[in-house]
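Down below is the structure, laid out as structure tokens.
Protein chains: 4
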Amino acid sequence: MVDYPDYLQLDRLLSAQAPESDKLGAPARDELLFIIIHQTYELWFKQILHELDLVENTFSGDQMDDAFLSDAVHGLGRVVEILKVLVSQVDILETMTPLDFLDFRDLLVPASGFQSFQWRLIETRLGLRPEDRIAFDGQPFEKKLRLDEQTILLNLAKEASLLDRIDAWLARTPFLVMEDYDFAEAYRKAVAAMFDNERAIVQNNKSLTDEDKQRQHAAFDASEETLTQILDVHAAENGWRFSAKALRSALFINLYRDEPAAHLPFQLLSLLMDIDELMAAWRHRHALLVQRMIGAKVGTGGSSGHGYLAETATRYRIFGDLFALTTYLIPRSALPPLPTTVQSAMRYQYSAK
Amino acid sequence: MVDYPDYLQLDRLLSAQAPESDKLGAPARDELLFIIIHQTYELWFKQILHELDLVENTFSGDQMDDAFLSDAVHGLGRVVEILKVLVSQVDILETMTPLDFLDFRDLLVPASGFQSFQWRLIETRLGLRPEDRIAFDGQPFEKKLRLDEQTILLNLAKEASLLDRIDAWLARTPFLVMEDYDFAEAYRKAVAAMFDNERAIVQNNKSLTDEDKQRQHAAFDASEETLTQILDVHAAENGWRFSAKALRSALFINLYRDEPAAHLPFQLLSLLMDIDELMAAWRHRHALLVQRMIGAKVGTGGSSGHGYLAETATRYRIFGDLFALTTYLIPRSALPPLPTTVQSAMRYQYSAK
Amino acid sequence: MVDYPDYLQLDRLLSAQAPESDKLGAPARDELLFIIIHQTYELWFKQILHELDLVENTFSGDQMDDAFLSDAVHGLGRVVEILKVLVSQVDILETMTPLDFLDFRDLLVPASGFQSFQWRLIETRLGLRPEDRIAFDGQPFEKKLRLDEQTILLNLAKEASLLDRIDAWLARTPFLVMEDYDFAEAYRKAVAAMFDNERAIVQNNKSLTDEDKQRQHAAFDASEETLTQILDVHAAENGWRFSAKALRSALFINLYRDEPAAHLPFQLLSLLMDIDELMAAWRHRHALLVQRMIGAKVGTGGSSGHGYLAETATRYRIFGDLFALTTYLIPRSALPPLPTTVQSAMRYQYSAK
Amino acid sequence: MVDYPDYLQLDRLLSAQAPESDKLGAPARDELLFIIIHQTYELWFKQILHELDLVENTFSGDQMDDAFLSDAVHGLGRVVEILKVLVSQVDILETMTPLDFLDFRDLLVPASGFQSFQWRLIETRLGLRPEDRIAFDGQPFEKKLRLDEQTILLNLAKEASLLDRIDAWLARTPFLVMEDYDFAEAYRKAVAAMFDNERAIVQNNKSLTDEDKQRQHAAFDASEETLTQILDVHAAENGWRFSAKALRSALFINLYRDEPAAHLPFQLLSLLMDIDELMAAWRHRHALLVQRMIGAKVGTGGSSGHGYLAETATRYRIFGDLFALTTYLIPRSALPPLPTTVQSAMRYQYSAK
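Residue numbers (the numbering used here), protein chains in the order written: chain A, 11 to 363; chain D, 11 to 363; chain V, 11 to 363; chain F, 11 to 363.
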């Protein structure tokens with residue numbers, strides 16, 4: 011038996027804004043905005059963490075059937091929608107001008123957005139490792155956090171991240187080796203045939219000079235070598251994070267995504283890339299905002315400003331392996347059809363009785 | 011061997027804007043914008059029609075396996091993204107003020123956005139029937155179109171729309187009647203149990219007066235009667251467009267959407283509702299724009315303005331049946347589990363070897 | 011000396027979510043989402059009310075120079091950005107399916123989104139009057155609120171709304187009557203000339219039948235009569251809410267918006283229409299969401315569902331007068347130039363020394 | 011006398027899509043999408059160039075009064091809305107998967123999005139110089155264009171860009187030196203006072219160690235030196251593109267933006283930064299898309315892929331000076347009030363008669 015204000019605890023929620031400038035008796039027009047937008051960010055972060063709880067659970071068992079996979083796709087799809095709002099919500103903060111920010115900026119020292127513990131949790135649980143992070147002001151990034159938060163975060167980094175769980179799940183994918191079928195072998199043959207074809211296209215391209223052709227041929231040779239290497243890659247080699255077996259499965263899923271049993275897995279892998287892209291977009295917008303709002307000055311927490319953020323936007327890629335996999339795709343026209351045994355294992359006929 | 015400008019036919023494309031006000035030697039600042047935004051709308055309409063071609067093909071056969079369903083979901087998902095851009099793109103047109111529009115508005119008489127043949131094609135192919143349309147200026151809507159366009163459209167309305175194809179496909183859904191299982195019967199029992207439970211909740215709600223409780227009980231009684239009617243509905247009865255069999259399948263898919271075999275069908279039904287919503291949103295924004303831009307004056311084609319558009323936004327719902335189905339859902343806690351036979355027919359185990 | 015978590019009161023904020031389903035020991039997957047999205051809505055409502063405080067202050071004095079007007083434009087511009095996020099944020103809630111909602115919907119009875127006191131405050135302070143509101147379940151809308159909230163709201167409705175303040179400010183606009191200038195007279199003459207011109211255009215339109223022409227001529231006659239009536243309109247006549255004097259000023263500002271002194275006032279009037287549009291868009295999306303989520307069933311607070319919301323989306327227009335003014339615009343080509351005295355009163359030369 | 015299809019030249023427009031894969035008799039599902047989205051981009055580029063025509067005209071004279079400034083603000087505001095759609099429209103292209111792209115990618119060689127002449131025109135007319143551009147494949151970027159396009163572009167680069175025009179207009183700003191007022195001197199004094207105050211804040215911050223304080227004091231000393239340097243900056247020194255006089259005016263406008271005469275100039279400067287941000291956002295999304303779609307392979311025109319685009323997103327900043335100016339802002343509390351003479355020159359009283 012609840013009513014709306016009690017259910018949402020509005021008394022608590024709407025009294026949790028205490029601008030520092032008010033305390034000093036010189037209320038700054040936009041400090042409330044600054045507080046409220048950060049509070050909405052933190053509320054959404056809590057929701058993202060809640061979705062990650064559920065998604066991680068899905069992947070915790072040894073076995074996972076598609077009934078649960080659908081739930082994971084659902085949860086990650088929601089995370090994507092939340093991240094879109096987080097990015098577009100920057101439009102509101104941009105109505106605050108640098109001069110408005112100056113009215114209360116100094117009062118916040120040394121508080122800083124870098125101290126969002128929940129955001130660090132999200133990054134870590136997805137799979138960003140301490141060693142992936144860029145040092146900040148010459149210190150490990152976590153030094154900005156409270157001591158207990160640092161401990162939690164460093165411990166968490168030792169546990170299985172979503173990336174690790176996805177890796178294990180991918181490695182378990184059936185279908186790649188069946189009676190009369192070996193995906194690795196089929197792929198190797200198809201790659202060879204495809205590059206022969208690509209070379210012919212360039213060769214016949216009359217608008218290219220001989221020099222151009224030579225350059226492109228050299229590129230094809232290099233690419234072919236790279237492509238076949240994907241089958242023999244060793245974990246952690248050349249910067250790969252996924253295991254060789256997981257990479258091969260992910261490649262299989264991308265190539266045969268039209269088969270019913272690959273559809274949800276394909277959606278899942280796409281969502282992971284969406285999440286990476288949107289987190290990058292958020293960091294990028296954030297960097298531009300900071301540049302506009304603070305210029306070359308130090309940030310509220312002593313941060314050296316937008317350059318750091320811009321660098322994280324470019325370098326913090328958790329599921330970069332999935333982006334990189336695109337290199338190894340081969341076009342449908344060159345794609346060998348699956349043998350009937352594999353195909354029927356991947357379908358249920360949805361036919362009329 | 012193409013280069014970018016030839017490939018995109020930019021010569022043709024970028025010379026296809028001829029403002030009427032230029033011809034009169036009094037160029038209106040915003041007429042180019044007016045032309046270009048409508049041209050981008052028409053280009054996107056062409057793409058939507060292309061996607062509908064592919065989706066319709068998918069549903070044309072007697073049988074459809076999930077390999078094709080995935081393609082239909084993909085195509086409709088793209089239509090959704092296009093419609094989102096069409097809606098948000100109105101922001102650009104709103105930078106034109108009513109006074110700017112007046113500079114060339116009279117030159118366009120009697121041309122009118124109501125004459126977009128492609129938009130009418132989209133509506134018709136999705137399933138909007140001539141009889142669903144609201145007469146305009148006392149005339150059937152199609153009178154605004156060219157004669158050959160009228161003929162094509164009226165003929166098209168006699169063919170199977172996407173709604174008809176979906177209806178046939180839904181009616182073919184297996185799983186609802188199997189050896190030891192009859193969905194209709196299971197549903198009827200579950201509904202009875204659920205309403206008994208809801209009545210108890212209201213009865214124990216101390217914050218409600220007796221009068222309140224009586225009112226809600228009456229509502230529950232009415233709802234229960236409605237709910238069980240879904241099983242016996244006759245086609246075209248009470249305004250339903252789907253057949254009884256298709257409705258029952260759609261209900262089954264909604265209730266058991268977590269089962270692998272129901273996942274893609276559930277996504278498909280959701281996308282159809284998204285399309286309906288976005289088309290309504292587009293009409294709604296369009297109506298507000300016309301109200302702001304034209305006021306009570308007649309539109310460029312003699313239209314009576316925003317009122318007509320606002321009415322179409324509210325009344326033109328193609329997949330209204332799917333929205334209405336929500337009424338017949340029962341909560342998971344009251345949902346009878348599927349017998350093992352049905353469940354295994356709807357899954358493939360995605361297990362490690 | 012604050013740190014980030016203290017400054018944002020994260021302890022309080024992030025512990026203010028208590029799902030009812032958790033209390034019953036049967037946690038519903040999506041109840042946290044339901045709580046958090048409503049909490050972000052309420053936080054943004056608080057920010058909107060804060061901006062309205064500042065904007066109202068601006069308009070409270072007898073006199074207002076442009077230094078303050080710029081601040082009002084800034085504040086309303088921010089409200090517009092917030093409303094855009096509120097609308098697009100519905101995308102997140104739509105990731106909850108009707109079945110997910112059913113998992114906890116009954117636990118919320120009789121709480122309802124209709125009980126958002128802050129939203130009612132926003133509507134009332136902007137200028138929505140009790141008599142504009144649509145009765146709900148046969149009761150005045152405010153009965154859903156707590157008693158003290160009802161009192162505050164009804165008292166607030168007796169005070170000057172933003173619309174009232176804008177009305178008084180508009181009525182004070184100088185420039186319309188100066189030595190050798192009377193806007194009303196100049197407008198009347200220009201309207202007559204313009205319609206003579208429009209009639210000629212139709213007359214010469216060879217693609218129109220005589221019948222078409224007669225119909226359009228009749229429409230022009232009616233429009234001309236309406237147009238000249240704007241000058242003599244009496245307050246509250248024909249449903250106008252602004253006073254005759256304010257309406258005339260708003261018309262002047264729209265027609266001569268390119269003059270420097272009219273630029274900010276024009277931006278202000280545009281923003282008020284944007285706010286009306288976005289509130290309508292929010293109600294419209296909300297109505298579609300409720301239709302999809304609840305179907306024909308009663309809402310969580312006993313509401314009769316989406317129909318009520320759809321009706322408010324169409325009928326609740328606060329600044330409808332400004333939309334209606336578009337009818338009275340005359341094109342630049344027919345617009346009489348301002349005499350030099352008025353023009354120089356409205357400009358400062360921004361010239362090099 | 012036009013009708014809708016003729017007015018929009020739909021016959022031409024809708025027949026200008028000729029997929030290469032169709033010509034080969036093996037239609038690729040998504041090639042039409044690829045063509046159409048690029049065509050809408052090019053149409054919008056044409057509209058942006060049209061707005062730039064008008065905006066440039068505004069700034070071409072020796073003198074500019076605010077009546078024209080309002081028009082420039084309007085045009086740039088529209089460019090911002092168009093760029094927003096260009097960015098969000100990438101969502102549509104992302105529904106094409108890498109595998110779908112592979113179906114026709116090789117047929118496009120050597121066509122490439124880098125060959126958009128209109129986009130290069132936009133960049134150049136805004137103020138991106140040949141020397142700002144990053145070489146591509148070891149060649150000047152323009153080598154990808156047709157010969158006549160290269161010539162036009164290189165000639166254009168020698169003419170006054172929008173940045174140059176804005177520079178000249180800024181330099182003409184009155185108000186900075188009047189009878190009893192010298193902005194430079196007033197600013198220098200205020201900066202000194204402000205940093206004394208900032209030093210005190212750090213000094214009293216008990217949560218900082220002495221080392222922290224020393225580091226921040228050193229930063230303040232450096233900042234103060236930088237701040238006063240803005241007054242003596244020489245053109246092209248330290249990478250500034252605006253002249254010293256223009257920079258000083260832009261600073262003045264930012265600091266006193268609440269004065270009526272500074273309001274439109276402030277909006278203008280903000281829009282230029284918005285444009286820079288959105289062009290960066292577009293390049294950033296484009297880079298992510300290319301990374302996902304092409305991986306490490308060469309682009310359709312032989313481009314080395316996303317790395318190049320990501321670098322342009324970070325480095326191509328045309329109005330970077332305006333972002334950098336934020337560094338030189340001083341808070342309102344430290345801002346010296348304008349003397350009455352300057353203030354009245356910047357206002358017109360908008361008072362009741």
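All C-beta atoms in this analysis are idealised placements derived from N, C-alpha and C, irrespective of residue type, glycine included.
With fewer than 16 neighbouring CB atoms inside 10 Å of its own CB, residue 349(A) falls in the exposed class. Looking at the DSSP output, residue 146(D) sits in a beta bridge with 149(D).
Excluding residues up to 5 positions away in sequence, 338 lie with their Cβ nearer than 6 Å to the Cβ of residue 240(V) in the same chain.
Remark: fewer than three beta-carbon pairs, one from each stretch, lie closer than 8 Å, so the stretch 259-273 of chain F and the stretch 85-100 of chain A are not flagged as touching. Taking residue 98(V) as reference, the option from 291(V), 345(V), 334(V) with the minimal CA-CA separation is 291(V). Scanning its chain for C-beta atoms nearer than 6 Å, with the 5 sequence neighbours on each side dropped, one finds around residue 180(D) the residues 256, 259, 260, in chain order. Taking the beta carbon of residue 56(D) as reference, the chain F residues within 7 Å of it are 24, 46, listed in sequence order. Annotated as proximal: residue 327(D) and residue 333(D), with beta-carbon spacing under 9 Å. According to the DSSP assignment, residue 207(F) belongs to the alpha helix (DSSP H) that extends over 193-213. Fewer than three pairs of CB atoms, one per stretch, sit closer than 8 Å, so the stretch 31-50 of chain A makes no contact with the stretch 225-243 of chain A. Counting only Cβ-Cβ distances below 9 Å, residue 92(F) has no contacts in chain A at all, with the closest Cβ about 16 Å away. Taking 8 Å as the upper bound for CB-CB distance, residue 24(F) and residue 52(D) are in contact here, some 6 Å apart.
Residue 333(A) reaches chain F at 301, 302, 305, counting residues in chain order whose Cβ is nearer than 8 Å. In the three-state scheme derived from DSSP, where H, G and I count as helix and E and B as strand, residue 188(F) is classed as strand. Excluding its 5 nearest sequence neighbours in each direction, residue 186(A) has C-beta neighbours in its own chain below 6 Å: 193, 262, listed in chain order. For residue 286(D), the enclosing alpha helix (DSSP H) stretches over residues 270-304. Its Cα nearest to that of residue 322(D), the residue 142(D) stands out among 142(D), 213(D), 57(D), 60(D). Taking 9 Å as the cut-off between beta carbons, the residues of the stretch 205-227 of chain V near chain D are 207, 208, 211, 212, 215, 217, 218, 222, 225, 226, in sequence order.
Residue 91(F) sits buried, since 16 or more C-beta atoms from the chains shown fall within 10 Å of its C-beta. Under the three-state reduction of DSSP, residue 12(V) is assigned to strand.
In the three-state scheme derived from DSSP, where H, G and I count as helix and E and B as strand, residue 169(D) is classed as coil. Residues of the stretch 265-289 of chain V that bring their beta carbon within less than 8 Å of a beta carbon in chain F comprise 267, 268, 269, 270, 271, 273, 274, in sequence order. Contact of residue 345(F) with chain V is not assigned, every C-beta pair being separated by 9 Å or more.
In the three-state reduction of the DSSP assignment, residue 85(F) falls in the helix class. Between residue 301(V) and the set 146(V), 13(V), 319(V), 188(V), the nearest pair of CA atoms involves 319(V). A direct Cα-Cα distance of roughly 35 Å separates residue 278(F) from residue 251(V). Interface annotation for the stretch 129-160 of chain D against chain V: empty, criterion Cβ-Cβ distance under 7 Å. Between residue 318(A) and chain F, the shortest Cβ-Cβ separation is not below 9 Å. Between the C-alpha atoms of residue 176(A) and residue 287(A) there is a straight-line separation of about 18 Å.
In the same chain as residue 78(A), and ignoring 5 residues on each side of it, the C-beta atoms closer than 6 Å to its own belong to 68, in chain order. Residue 216(V) carries a coil assignment under DSSP once its states are collapsed to helix, strand and coil.
Put simply, the CB of residue 40(V) is far from chain D, with every gap to its CB atoms at 9 Å or more. One finds 125, 127, 156 in chain D with Cβ atoms closer than 8 Å to the Cβ of residue 15(F), taken in chain order. In the three-state reduction of the DSSP assignment, residue 348(A) falls in the coil class.
Comparing C-alpha distances from residue 353(A) to each of 16(A), 188(A), 160(A), 274(A) shows the shortest one belongs to 188(A). Proximity of chain D to residue 98(A) at the Cβ level (cut-off 9 Å) is not reached, the minimal Cβ distance being about 11 Å.
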